[in-house]
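Below is one structure, written out as structure tokens, with a few remarks after it.
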Amino acid sequence: MLLPLVIWATAVLVAASFAIKRWWFPAPINAHAASFDSIFSVNLLIMGVIFFVAQALLGWLIWKHRDRGQQARHSEGSTRLEILWTSITLLLFVGAGLASTGLWYEVHLSALADAGLKIEVAAKQFAWSFRYPGPDGKFGKTDIKLVNDAAGNPFGIVENDPAGKDDIVSSALRVPAGRHVQLLLQSRDVIHNFFVRELRIKQDLVPGMTIPFRIRADKPGEYEIACSELCGLGHHQMRSVLVVVSQQDYDTWLRRQAAQR
Amino acid sequence: MAAPAGRPKVTNMNHGFLRRYLFSTDHKTIGLQYITLSIFAAFVGIALSVLMRFHLVYPESRWRLLETLWPDGAPGGVMTPELYLSLMTMHGTIMVFFLLTTVPQGGFGNYFLPLQIGAADMAFPRLNMLSFWTTFLSFVVLCAAFFVEGGAPLAGWTAYPPLSAVGQIAGPGQGLGQTLWVLSIALFCIASLMGAINFITTTLELRTRGMSLLRMPLTCWGWFTTAIISLFAFGVLLAGGVLLLLDREAGTSFFLPAGLMINDKLLANKGGSPLLFQHLFWFFGHPEVYIAILPGMGAVSTILATFSRKPVFGYRAMIWAMLIIGFLSFVVWGHHMFISGMSPYSSIAFSLLTVTVGVPSAIKTFNWLGTIWGGSLRLTTAMLFALGFVSVFISGGLTGLILGQPALDSYFHDTYFVVGHFHMIMGVATVFAAFAATFYWFPKMRGRMMNETLGRIHFYLTFIGVYAIFIPMHFAGIAGNPRRYADFAQFDFLKDLSFLHKATTHAAFFTAAVQLLFLFNFLWSWWKGPKAGQNPWHATTLEWTLPSPPPEENFGHNPPQVHRGPYDYSLPGAPKDFLMQQEER
Ligand code: HEM
Ligand SMILES: [Cu+2]
Ligand SMILES: [Cu+2]
Chain A
1275 MLLPLVIWAT
1285 AVLVAASFAI
1295 KRWWFPAPIN
1305 AHAASFDSIF
1315 SVNLLIMGVI
1325 FFVAQALLGW
1335 LIWKHRDRGQ
1345 QARHSEGSTR
1355 LEILWTSITL
1365 LLFVGAGLAS
1375 TGLWYEVHLS
1385 ALADAGLKIE
1395 VAAKQFAWSF
1405 RYPGPDGKFG
1415 KTDIKLVNDA
1425 AGNPFGIVEN
1435 DPAGKDDIVS
1445 SALRVPAGRH
1455 VQLLLQSRDV
1465 IHNFFVRELR
1475 IKQDLVPGMT
1485 IPFRIRADKP
1495 GEYEIACSEL
1505 CGLGHHQMRS
1515 VLVVVSQQDY
1525 DTWLRRQAAQ
1535 R
Chain B
18 MAAPAGRPKV
28 TNMNHGFLRR
38 YLFSTDHKTI
48 GLQYITLSIF
58 AAFVGIALSV
68 LMRFHLVYPE
78 SRWRLLETLW
88 PDGAPGGVMT
98 PELYLSLMTM
108 HGTIMVFFLL
118 TTVPQGGFGN
128 YFLPLQIGAA
138 DMAFPRLNML
148 SFWTTFLSFV
158 VLCAAFFVEG
168 GAPLAGWTAY
178 PPLSAVGQIA
188 GPGQGLGQTL
198 WVLSIALFCI
208 ASLMGAINFI
218 TTTLELRTRG
228 MSLLRMPLTC
238 WGWFTTAIIS
248 LFAFGVLLAG
258 GVLLLLDREA
268 GTSFFLPAGL
278 MINDKLLANK
288 GGSPLLFQHL
298 FWFFGHPEVY
308 IAILPGMGAV
318 STILATFSRK
328 PVFGYRAMIW
338 AMLIIGFLSF
348 VVWGHHMFIS
358 GMSPYSSIAF
368 SLLTVTVGVP
378 SAIKTFNWLG
388 TIWGGSLRLT
398 TAMLFALGFV
408 SVFISGGLTG
418 LILGQPALDS
428 YFHDTYFVVG
438 HFHMIMGVAT
448 VFAAFAATFY
458 WFPKMRGRMM
468 NETLGRIHFY
478 LTFIGVYAIF
488 IPMHFAGIAG
498 NPRRYADFAQ
508 FDFLKDLSFL
518 HKATTHAAFF
528 TAAVQLLFLF
538 NFLWSWWKGP
548 KAGQNPWHAT
558 TLEWTLPSPP
568 PEENFGHNPP
578 QVHRGPYDYS
588 LPGAPKDFLM
598 QQEER
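Structure, rendered in structure tokens:
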């Protein structure tokens, strides 16, 4: 009769280890991350209660109906119960699914008032590069044949295109706090993934596609960018940082970089 | 209904050793061959996972063993990232295909479907033999990848192109190793398709007199539904595999877009789409998890009923749930692709369908609880594993509801949260069902009992072990730890997780070691176990009306006449607490 005890103990330990939150999300740095956290908490609470009740019930049934020589009750089922639990779970599961749809919609589908700032993101095995259009606000033309990492041209910017003259290329992603930034995600070789934990979002970079991806970080600081799609033997070291600075610092940085070109 | 009676059976027993034990057409021998292959594959897969886990927490230490096994992959005994990734790829592939897809259907399904429906054999015995040997060949081809130049592939069991399509320049193992991987999967698809046709035909055509569809044990419903799913799913994977092979070997561009520059080399391909492969793969890949688990669900239902001495609660609801799962499993594949770059609108549709597919799984869980409710529970090892299955199924299923929501999956995708989730629901649940089935049917297959004491110790240690391995992985995932990382040293935020990973590794080592108890029990009981009678569990289905092990011709010239449903336990007024299917009263 060990089993009920083992199941109960396991359920308590699992629930407790979730409750202490020793290994948990980093602090959110924008409104999206904060809503993510609260939606996750609600989900965790619902799932946690179901988990706990179901495991406790399982243990209790095993305990209560252990063989003590009693005759089992013959019962083949109950249509009423089937309908009842089918409809409850359907409502609960679909309800949970619908409840988080808004958050998804907001990030990927809602119209954007302020989409001024565009930054290109180029991934390759196993490095990140970021390109800013510079003071003229225009990206210069690129040509894959001109791509040359050693010469500092991972995007293949065409030399004689005037729009490209002031483009800035950086190995870290620097953005002004509090502004929407439109990332244009591209990969030149295999699939990679852009993931910043503090933003609570990730997006694949797929060769042959340019995927627009909107982020906004409110809290200045440095946050790690981790590739989260298997891209080869250096996948685990494909790291960069998201540097969030005040608008003022950002403008200064931009000016300085452009002047250096 | 077709009358199988009197259909003469090809017999193998009057022939020599080869025909009897290797190239037999008898479904029971073939079932045992599948089971043997799976047990072997499982131990290989476990060994690989232990090596991986050790590397993750002791990345610098030198292991003589590693260097002996992989001189190039572990120079000086230190595992390189490419070796880590190839072990991971092989571990996942071996576990998914050669354990989860092989033992429940090819193994137990082959052995027991004909027995449970009162047939002499599968509908196409030679095709059955061909299925097994194709599966075997597929396994050999896969393992060969370890021994070729560049080693085994490192693209994961999902093998996304372009990484898997462009050859050696994308990394070691992406040359011949990856080609062998694709070939192996293609062979596996062919074997599974042949098996599916056989299972479907057998179920529809060879049921004995009185065995209507609604008198079939839920195990048979599990195998039948699985075969139907396999028929639709493996064809699509085969197509994906063939196209991938063409991209690799014939210079086509199904999955390769223009302007690819790999390792500073510009490729000439144009016009292909990497996402197309993902759609094909997951159109197979999601149904695959149900291919793995449905036979187990059937076995667990039967075992819970037998050892509760009660009918399965909601027999018809269970069948409906399986069929609905089978159907819905084909319309949820997009939940693996929420962040892939496909349309965000379709994510919403896939999400709602995904949470809906949780409903029939929940129905099954309720009915399992209903089955033991009011029973008289005999806690044999088979029953312990069946109850353990219900526990891990609940634990693994609930996290799936979180992953099914794109807004939440945008954080958890490709983190250890997913690794924890799928090991629980797909790996551990299916393996528990397979253990339950082994302890339940071993007496029938061998005519001897397995050791219950050893069995119980094995169960409890494994139960605790799997929770100790896979629950901590969820926390690593919540902290954002990406999966498929060969090393956690490059990121600051991963350094905080080292305790978690150490604990996981030790639990993994412990749990892996405990599996030797099972192996020992199996082998020892095979030769030395006490004799089992015809029906040691007082069960109701037809296989228990035959001697243990059953004669080659099964029911011979007098196939049974079935009079009742599969779970007539504790019928009021009956002389004993079970009535077998062929008993009139
Ligand atoms: C002792 C038991 C097991 C341990 C310790 C274990 C451990 C692991 C580890 C460490 C990974 C790699 C995680 C990563 O680097 O991302 C992994 C991946 C995987 N495992 Fe297991 N595993 C075990 C059993 C199983 C079983 C029974 C299955 C059957 C479903 C399974 C299926 C997989 C799959 C499909 C992958 C993914 C491979 C990939 O990413 O391509 N594992 N496992
Ligand atoms: Cu990567
Ligand atoms: Cu899926």
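Going line by line, the protein sequences match chains A and B. Residue numbers for the first sequence follow my numbering, beginning at 1275 and rising by one. Residue numbers for the second sequence follow my numbering, beginning at 18 and rising by one. Backbone N, C-alpha and C define an ideal beta-carbon position, used for all residues, glycine too. Remember, predicted model here, so these are calculated numbers, not experimental data.
- What is the rounded straight-line gap between the Cα of residue 1391 of chain A and the Cα of residue 1449 of chain A? As a working mapping, residue 1391 of chain A is identified with position 117 in the first sequence. As a working mapping, residue 1449 of chain A is identified with position 175 in the first sequence. Going by the C-alpha atoms only, they are around 9 Å apart.
- Task: Mark residue 265 of chain B as exposed unless 16 or more other C-beta atoms lie within 10 angstroms of its C-beta, in which case mark it buried.
- Result: Reading the second sequence from its first residue, position 248 is the one you call residue 265 of chain B. Residue burial annotation: residue 265 of chain B is buried, with at least 16 other C-beta atoms found within 10 angstroms of its C-beta.
- Task: Check whether the Cβ atoms of residue 1247 of chain A and residue 1395 of chain A sit closer than 8 Å, and answer yes or no.
- Result: Residue coverage of chain A in this structure runs from 1275 to 1535, which leaves residue 1247 of chain A outside it and unanswerable.
- What is the residue span of the beta strand (DSSP E) that residue 1447 of chain A lies within? Walking along the first sequence from the start, residue 1447 of chain A turns up at place 173. Looking at the DSSP string, the run of the beta strand (DSSP E) that includes residue 1447 of chain A is 1447-1450.
- Query: For chain B, is any of its Cβ atoms less than 8 Å away from the one on residue 1439 of chain A?
  - Reply: For the purposes of this step, residue 1439 of chain A is taken as residue 165 along the first sequence, with counting starting at 1. So no, residue 1439 of chain A is outside the interface.
- Task: Decide if the stretch 153-168 of chain B is in contact with the stretch 225-243 of chain B; the criterion is three or more beta carbon pairs, one per stretch, under 8 Å apart.
- Result: Judged by Cβ distances under 8 Å, the stretch 153-168 of chain B makes no contact with the stretch 225-243 of chain B, as fewer than three pairs qualify.
- Query: From residue 521 of chain B to residue 568 of chain B, what does the alpha carbon distance come to, in whole angstroms?
  - Reply: Translated into the one-based positions of the second sequence, residue 521 of chain B becomes position 504. Translated into the one-based positions of the second sequence, residue 568 of chain B becomes position 551. If I take the Cα positions, the gap works out to 46 Å.
- Looking at the C-beta of residue 593 of chain B, does it have a partner C-beta in chain A at a distance below 8 Å? Mapped onto the second sequence, residue 593 of chain B falls at position 576. Residue 593 of chain B does not count as touching chain A.
- Closest Cα partner of residue 597 of chain B within the set B:589, B:590 and B:580: Here residue 597 of chain B refers to the residue found at position 580 of the second sequence. Nearest option by C-alpha distance: B:580.
- Message: Following a CB-centred definition, is residue 87 of chain B positioned closer than 7 Å to any heavy atom of ligand 3?
- Response: Position 70 of the second sequence holds residue 87 of chain B. No, Cβ of residue 87 of chain B sits at least 7 Å from all heavy atoms of ligand 3.
- Item | For residue 432 of chain B, the three-state DSSP class (helix, strand or coil) | For this step, residue 432 of chain B is matched to residue 415 along the second sequence. Residue 432 of chain B: strand per DSSP, three-state reduction.
- Message: In whole angstroms, give me the CA-to-CA distance for residue 178 of chain B and residue 1465 of chain A.
- Response: Taking the first residue of the second sequence as position 1, residue 178 of chain B is located at position 161. Taking the first residue of the first sequence as position 1, residue 1465 of chain A is located at position 191. The straight-line gap from Cα to Cα measures roughly 8 Å.
- Run down chain A in chain order and give the residues with a C-beta less than 9 Å from the C-beta of residue 352 of chain B. Translated into positions along the second sequence, residue 352 of chain B becomes position 335. Going along chain A, no residue has its Cβ under 9 Å from residue 352 of chain B, so there is no contact; the nearest lies around 11 Å.
- Message: Considering only heavy atoms of ligand 1, does any lie closer than 7 Å to the CB of residue 308 of chain B?
- Response: Locating residue 308 of chain B in the second sequence gives position 291, where the first residue counts as 1. Because no heavy atom of ligand 1 lies under 7 Å away, the Cβ of residue 308 of chain B does not count as near it: no.
- Under 7 Å by beta carbon: chain A residues contacting residue 557 of chain B: The count along the second sequence starts at 1 and reaches residue 557 of chain B at position 540. Those do not exist, as residue 557 of chain B stays about 13 Å from chain A at its closest Cβ, beyond 7 Å.
- Task: Report yes or no: is there a C-beta of chain A within less than 8 Å of the C-beta of residue 408 of chain B?
- Result: Along the second sequence, one-based indexing puts residue 408 of chain B at 391. Closer than 8 Å: yes.
- Is the stretch 541-556 of chain B touching the stretch 192-212 of chain B in the sense that three or more CB pairs, one from each, lie closer than 8 Å? Short answer: they don't touch.
- Task: Anything in chain A within Cβ reach of residue 507 of chain B, meaning under 8 Å, just list it in chain order.
- Result: Looking up residue 507 of chain B in the second sequence gives position 490. Those are 1510, 1511 and 1513, listed as they occur along chain A.
- Is residue 1448 of chain A close to chain B, meaning its C-beta is less than 8 Å from at least one C-beta of that chain? If you number the first sequence from 1, residue 1448 of chain A lands on position 174. For residue 1448 of chain A, the answer is no, since every Cβ of chain B falls outside 8 Å of its Cβ.
- Task: Closer than 7 Å, Cβ to Cβ, to anything on chain A: give me those residues from the stretch 388-401 of chain B, in chain order.
- Result: Residues passing the 7 Å Cβ filter: 389, 390, 391, 392, 393, 394, 395, 396 and 401.
- Task: For residue 517 of chain B, verify whether its CB is less than 7 Å away from any heavy atom of ligand 2.
- Result: Numbered from its first residue, the second sequence carries residue 517 of chain B at position 500. Not under cutoff, so the answer is no.
- Within 7 Å: the Cβ of residue 349 of chain B and any heavy atom of ligand 3? Within the second sequence, residue 349 of chain B is the residue found at index 332, counting from 1. It does: the Cβ of residue 349 of chain B is within 7 Å (strictly closer) of some heavy atom of ligand 3.
- Query: Around the Cβ of residue 32 of chain B, are there at least 16 other Cβ atoms within 10 angstroms (buried) or fewer (exposed)?
  - Reply: On the second sequence, position 15 is the one that residue 32 of chain B refers to. With fewer than 16 other Cβ atoms within 10 Å, it is exposed.
- Query: What residues from the stretch 358-384 of chain B come within 8 Å of chain A, judged by C-beta to C-beta, listed N to C?
  - Reply: The residues in question are 358, 361, 362, 364, 365, 368, 369, 371, 372, 373, 375, 376, 379, 380, 382, 383 and 384.
- Message: Does the beta-carbon of residue 1275 of chain A, which I'm using as the reference point, lie nearer than 7 Å to any heavy atom of ligand 2?
- Response: By 1-based counting over the first sequence, the position of residue 1275 of chain A is 1. Every heavy atom of ligand 2 is 7 Å or more from the Cβ of residue 1275 of chain A, so no.
- Cut-off 6 Å between Cβ atoms - residues of its own chain near residue 323 of chain B, not counting five sequence neighbours on either side: What you label residue 323 of chain B is simply residue 306 of the second sequence in a count that begins at 1. Shown here for residue 323 of chain B: same chain residues with a beta carbon closer than 6 Å to its own, the five before and five after excluded, namely 554 and 556 in chain order.
- Task: Please state whether DSSP places residue 1402 of chain A in a helix, a strand or coil.
- Result: By 1-based counting over the first sequence, the position of residue 1402 of chain A is 128. In this structure, DSSP gives residue 1402 of chain A an extended state, which the three-state scheme calls strand.
- Item | Closer than 8 Å to chain A by CB, residue 472 of chain B | Stepping through the second sequence from its first residue, residue 472 of chain B is reached at position 455. Residue contact check for residue 472 of chain B against chain A: no CB pair falls below 8 Å.
- Message: For ligand 3, I want to know if residue 303 of chain B counts as a neighbour, meaning its beta carbon is within less than 7 Å of at least one of the ligand's heavy atoms.
- Response: As a working note, residue 303 of chain B is residue 286 in the second sequence. It does: the Cβ of residue 303 of chain B is within 7 Å (strictly closer) of some heavy atom of ligand 3.
- Message: Just verifying my parser: in three-state terms, what is the DSSP assignment at residue 1464 of chain A?
- Response: Counting from one through the first sequence, the residue named residue 1464 of chain A turns up at place 190. Of the three classes helix, strand and coil, the one that applies to residue 1464 of chain A here is coil, per DSSP.
- Query: residue 1479 of chain A lies in the beta strand (DSSP E); which residues open and close that run?
  - Reply: The count along the first sequence starts at 1 and reaches residue 1479 of chain A at position 205. Run containing residue 1479 of chain A: 1475-1479, per the beta strand (DSSP E) assignment.
- Residues from the stretch 421-435 of chain B in contact with chain A, defined by Cβ distance under 8 Å: Against chain A - using a Cβ distance shorter than 8 Å - the residues of the stretch 421-435 of chain B are 421, 422, 423, 424, 425, 427, 428, 430, 431 and 432.
- Query: Going by the CB atoms, is the gap between residue 135 of chain B and residue 576 of chain B shorter than 8 Å?
  - Reply: The sequence position of residue 576 of chain B within the second sequence is 559, counting from 1. The sequence position of residue 135 of chain B within the second sequence is 118, counting from 1. Result yes, Cβ atoms of residue 576 of chain B and residue 135 of chain B sit closer than 8 Å.
- Task: Run the CB neighbour count on residue 603 of chain B, radius 10 Å, all protein chains shown included, and call it buried at 16 or more, exposed below.
- Result: Any question about residue 603 of chain B goes unanswered here, given that chain B covers just 18 to 602.
- Message: Give me, in chain order, the residues of the same chain whose beta-carbon lies closer than 7 Å to that of residue 1309 of chain A; leave out the 5 immediate sequence neighbours on both sides.
- Response: Taking the first residue of the first sequence as 1, we reach residue 1309 of chain A at position 35. Excluding sequence neighbours, residue 1309 of chain A sits near 1377.
- Item | Min CB distance residue 264 of chain B to chain A below 8 Å | In the second sequence, the residue the question calls residue 264 of chain B occupies position 247. Answer no: the Cβ-Cβ gap between residue 264 of chain B and chain A never drops below 8 Å.
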